[in-house]
Each structure stands twice: as C-alpha cells, then as structure tokens.
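J.: Numbering-wise, my numbering comes out as the position in the sequence shown, counting from 1, plus 240.
We put the CB at the ideal spot given by N, CA and C, even for glycine.
On a predicted model such as this, the values are computed, not experimentally measured, just so you know.
Handing you a structure now.
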Amino acid sequence: MAVCGRLSILGILVLAIHFQQQSEACRFAELLQGRTIEGPYHGRELLAIPQVNNTGKAETLANSKERLKATIESINEYIKTAAPINFADLVTPVGNYTDLAVFWNEATMVGKYLPGAIAYTIKSIPDLLEEARQAAVTKWQNQINLAKLDPTYVTIFKTLDAVINPTITGLALRVGFHDAGTYDPNASAKGGANGSIRFEFDWPSNAGLQRFIWPSIWAAKQQLDKVLPSPVSYADLCAIAGAVGVYKTDGPLINIGYGRPDVTGPDPFQGVGSNTNQQRDYPIQQIIDEWAFYGYDIETLTVLSGGHSIGFSASTNPQGTISANSRYFSSRYYKQIILGDAFFGSDRALGDNPATLKIVEELAADNLLFYKKFSAAYTNLTWAGVDPAVKRLGL
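Okay, here's the thing in structure tokens:
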C-alpha cells in the first residue's frame with residue numbers, strides 16, 4: 241500500500257499524460273510490484289531518488305513537469321496554426337497493454353510495457369522529450385506533405401496506414417526490406433522488389449511475416465483493387481508498407497512511388513543478409529563484403545540498418561538475443577550502438593569498423609540527416625531489380 245501511495249504522488253506526471261484517475265495509477269503500481277523490466281532496473285529500484293539527469297542537474301518531479309510543459313509549448317509554438325498537441329496524443333496503446341502503454345514518474349519511462357521494454361531512467365528523460373518533440377513536429381509536417389503527393393500513391397498509402405496496426409510497424413518495414421532484399425546484380429534473374437515474398441514465407445528470414453503482416457497487405461489489396469483503375473501490385477504494397485511503418489512511428493514521410501510489377505514465383509536466392517544472420521556475431525568485414533557483393537556500399541548498409549530502430553523482435557538463439565521496441569523511428573538507434581547497447585549482432589558490429597563507426601556517429605548526432613539518408617536509401621532499395629524501362633509513377 242505504501243508503494244501505491246508513493247506512486248500516487250509521483251503519478252502527477254503520469255496522470256497528466258496517460259492516467260485519468262488516481263485509482264488507475266495505484267493499479268499500475270500494484271501491477272509493477274514484482275514485475276521485472278528487462279535490463280539493469282527493477283520496478284521498485286526505479287523509485288530511488290535523487291538521480292542526476294544528463295545535464296548534471298538533480299532531477300525532481302518539478303523539473304520533470306517543467307521540462308514536459310516546455311516541450312509541449314515548444315511543439316505548439318512551432319506548429320502555431322495547427323491544433324495544439326497534447327503530449328498524450330503521441331502515445332499509441334500496445335495490444336492488450338492499453339493502460340500500460342506509457343508510464344512516467346520521476347525515475348523512469350517505459351516506452352511500451354512489454355517483456356523486454358527498454359527502461360528509461362531519469363537520465364534519459366531530456367533526450368526522450370526532445371525525441372518526442374521532433375516526432376510531433378515530423379508528424380505534423382507529414383500530415384501536410386502527404387496531401388501534396390500523387391493521388392494514387394496517397395490512396396495506397398492511406399489504405400495501408402489504416403490496416404497496419406501500430407504494434408507491427410517493424411514488420412511492415414521488414415516486409416519491404418525482405419521483398420526487395422533478394423536483388424542480386426550478379427545474376428541473370430536479378431530478383432528485387434517484385435512481390436515474390438508471397439511465395440517465400442517458408443524462408444527462415446521471413447519467419448512471422450505471413451502470420452502478422454500479410455493479412456494487412458491482403459486486406460489493403462482487396463480494398464484498393466475496387467477503387468483504383470488497375471490492380472495494385474504486391475511489390476508496391478510491400479514497398480509502401482515499409483514507408484507506412486516509418487510514418488506510423490513518426491519518422492519521415494517517404495514517397496517511393498508506385499508501378500513495380502509482380503513476378504509469379506519465388507526468387508532463386510535470398511539475397512543480402514542471408515549469409516550473415518543479424519542475430520549472430522559476424523565480423524563487420526564479413527557483413528560489409530556480403531553487402532558489397534549485392535551492390536551496396538557501407539553507407540547504405542549503415543543507413544538501412546537504422547530500420548531496426550522500430551519494432552519488437554526476440555530470439556532464443558544462444559548466439560544472440562534481442563528484445564526491444566520503440567515508439568519512434570529515430571537516430572537513437574545509432575546512439576545505442578555507440579554506447580554498446582545495440583540489439584542485433586549486426587548492429588553491434590557497426591561500431592567495430594572505423595568507416596561504419598564514422599557514419600554511425602554522424603547519424604547519431606543529426607536525426608534529420610538520418611531521415612534524409614534513410615529516405616533516399618529506402619527508395620533506392622524498393623526499386624532494386626525493377627526494369628529501368630518500367631515507368632516510376634508518383635515520384
């Protein structure tokens with residue numbers, strides 16, 4: 241009961257953002273007791289104070305409230321003519337964890353309360369608030385810019401946006417990667433972004449896609465084929481689904497166009513990444529060499545790896561376990577590499593090579609640069625293997 245009472249006081253910030261009644265905060269406290277958050281912090285230990293934030297200043301509840309208020313004011317000042325944004329609007333409930341989606345107190349923020357959720361201590365709050373501010377501004381800009389794009393592209397994009405659940409944004413991006421990732425410039429049948437993934441669900445690298453993301457792709461196609469002048473290709477749906485995954489996590493709006501034709505069978509090879517499983521600790525040079533074989537330089541490798549900043553993944557493979565989820569598509573992924581806290585073995589390896597580390601550091605320091613480079617790299621990836629004679633529509 242004491243813990244519940246204490247959280248009711250600390251829960252002022254929680255109440256302001258997410259919870260509506262004191263009883264809900266108490267119920268959360270009861271659920272938190274004895275529940276382990278993966279990482280160095282346990283729920284009860286998160287109540288320890290005082291702590292020092294990354295500016296060297298002791299953090300208090302008042303400081304946290306002031307920082308939150310300033311963040312919201314900054315967002316609304318930037319937007320001005322648009323409707324004011326409440327910080328709660330940035331929160332997306334997760335599956336059955338609707339009332340546990342986001343939890344703040346003066347010691348922690350857990351982005352999405354799932355097994356393996358990242359525990360954010362008070363030291364992280366300033367960075368997280370800035371990340372949320374940037375995400376809110378990006379979200380507003382995206383909504384304006386989407387209306388300016390090709391009408392057919394907008395129709396495809398919005399239909400996918402409506403059917404893709406916020407809990408599978410990482411899989412949405414993954415289906416775009418994996419359909420295009422079969423591209424092999426050295427082969428006569430080059431593969432690439434051609435919709436072949438619908439015949440490749442039994443490949444180990446595509447585990448889970450048929451069950452979790454394909455129903456959304458299929459539902460979008462059924463709707464779109466009724467309203468578009470001609471059937472939308474699976475190649476376009478997969479590619480644009482990836483862009484939607486980024487969009488739904490408040491990353492950049494990526495216009496990758498449409499017009500990719502479908503093939504009628506699987507590609508003959510699995511393509512880039514198939515020989516260096518990301519959950520294993522392969523030497524960075526081996527990863528670089530494999531990507532180079534398929535025509536990708538180290539910048540493309542490093543930039544596209546940033547797609548791991550969203551989604552949830554877990555493995556019991558003894559050679560590498562990852563368990564992570566993220567609300568925002570952001571360059572925080574690269575900061576985690578620098579700190580040695582990356583999830584996949586392939587992610588950690590990016591910090592082992594001077595050339596890739598230099599790119600990692602540049603992207604970690606500039607979120608907008610990451611947006612720009614990722615947008616360009618993903619667009620190029622989603623046209624890999626497509627006949628140059630095919631007209632790229634909507635760009």
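Rounded to whole angstroms, how far is the Cβ of residue 543 from the Cβ of residue 617, which I believe are closer than 8 Å?
T.: Residue 543 to residue 617, Cβ: 5 Å. Contact.
J.: State the DSSP-derived secondary structure class of residue 633, mapped to helix, strand or coil.
T.: Note: residue 633 maps to strand in three-state DSSP.
J.: Would the beta-carbon of residue 533 fall within 8 Å of that of residue 549?
T.: Not in contact: residue 533 and residue 549 (Cβ atoms no closer than 8 Å).
J.: Residue 414: buried (16+ other C-beta within 10 angstroms of its C-beta) or exposed?
T.: Burial call: buried.
J.: Pick helix, strand or coil for residue 611, following the three-state DSSP scheme.
T.: Three-state DSSP puts residue 611 in a helix.
J.: Have a look at 601, 434, 493, 465 and flag the residue whose alpha-carbon is nearest the alpha-carbon of residue 611.
T.: It is 493.
J.: Helix or strand or just coil, what does DSSP make of residue 498?
T.: Residue state, collapsed to three classes: strand.
J.: May I ask which residues mark the beginning and end of the alpha helix (DSSP H) holding residue 542?
T.: Unbroken alpha helix (DSSP H) run through residue 542: 538-544.
J.: From residue 457 to residue 449, what distance separates their C-alpha atoms?
T.: If I take the Cα positions, the gap works out to 10 Å.
J.: Would you say the region 478-498 touches the region 392-406, given that touching needs at least three Cβ pairs under 8 Å?
T.: The answer is yes - the region 392-406 touches the region 478-498, with three or more Cβ pairs under 8 Å.
J.: Using three-state DSSP, classify residue 457 as helix, strand or coil.
T.: Looking at residue 457 - three-state DSSP - the assignment turns out to be helix.
J.: How many angstroms separate the CA atom of residue 467 from the CA atom of residue 478?
T.: Rounded to whole angstroms, residue 467 to residue 478 spans 19 Å at the Cα level.
J.: Using a Cβ-Cβ distance cut-off of 8 Å, determine whether residue 502 contacts chain C.
T.: This model lacks chain C altogether, as it is built from one protein chain only.
J.: Have a look at residue 392 and residue 580 and give me their C-alpha separation to the nearest angstrom.
T.: The alpha-carbon atoms of residue 392 and residue 580 are separated by roughly 43 Å.
J.: Note down the Cα distance separating residue 459 from residue 474, rounded to an integer number of angstroms.
T.: Roughly 12 Å between the two C-alpha positions.
J.: Taking C-alpha atoms, which residue in 505, 455, 506 lies nearest to residue 208?
T.: Any property of residue 208 remains undetermined from this structure, which presents the chain solely from 241 to 635.
J.: Go ahead and pull the three-state DSSP assignment for residue 547.
T.: Here residue 547 sits in helix by DSSP.
J.: Decide if residue 432 is buried, meaning its Cβ has at least 16 other Cβ atoms within 10 Å, or exposed.
T.: Buried.
J.: Thinking C-alpha only, which one of 586, 578, 483, 575 is nearest residue 538?
T.: Checked all of 586, 578, 483, 575; the closest Cα to residue 538 is 586.
J.: Which residues in the same chain as residue 371 place their Cβ atom closer than 6 Å to its Cβ, once the five residues preceding and following it in sequence are excluded?
T.: Around residue 371: 568, 570.
J.: Would you identify the three-state DSSP class for residue 442, choosing helix, strand or coil?
T.: Three-state result, residue 442: coil.
J.: How big is the Cα-Cα spacing for residue 624 and residue 420?
T.: The alpha-carbon atoms of residue 624 and residue 420 are separated by roughly 6 Å.
J.: For residue 592 and residue 541, what's the separation of their Cα atoms in angstroms?
T.: About 14 Å.
J.: Rounded to whole angstroms, how far is the Cβ of residue 495 from the Cβ of residue 634, which I believe are closer than 8 Å?
T.: 7 Å between Cβ atoms; contact.
J.: Taking the CB atoms as reference points, tell me whether residue 374 and residue 607 lie closer together than 8 Å.
T.: Result yes, Cβ atoms of residue 374 and residue 607 sit closer than 8 Å.
J.: Could you check how far apart the C-beta atoms of residue 574 and residue 547 are, in whole angstroms? I think they sit under 8 Å.
T.: Not confirmed; about 12 Å, so no contact.
J.: According to the Cβ coordinates, are residue 509 and residue 622 closer than 8 Å?
T.: Not in contact: residue 509 and residue 622 (Cβ atoms no closer than 8 Å).
J.: Should residue 605 be labelled buried (16 or more other beta-carbon atoms within 10 Å of its own) or exposed?
T.: Exposed: under 16 other Cβ atoms inside 10 Å.
J.: Under 8 Å, do residue 589 and residue 522 count as touching if we go by C-beta distance?
T.: Yes, they are a contact pair.
J.: For residue 619, which of helix, strand or coil comes out of DSSP?
T.: It is helical.
J.: Can you tell me which of the three DSSP states residue 404 falls into?
T.: DSSP places residue 404 in coil when its eight states are reduced to three.
J.: Would residue 506 and residue 436 be called neighbours here (beta carbons separated by less than 8 Å)?
T.: Taking 8 Å as the Cβ cut-off, residue 506 and residue 436 qualify as a contacting pair.
J.: For residue 630, does the count of other Cβ atoms within 10 angstroms reach 16, so buried, or fall short, so exposed?
T.: By the neighbour-count rule (16 or more Cβ atoms within 10 Å), residue 630 is not buried but exposed.
J.: Let me confirm a value: residue 426 is counted as buried when at least 16 other C-beta atoms fall within 10 Å, else exposed. Which label applies?
T.: It counts as exposed.
J.: Tell me which residues share the same chain as residue 472 and place their Cβ nearer than 7 Å to its Cβ, disregarding the 5 neighbours each side in the sequence.
T.: Within the same chain, residue 472 has close Cβ partners 396, 461, 464, 465.
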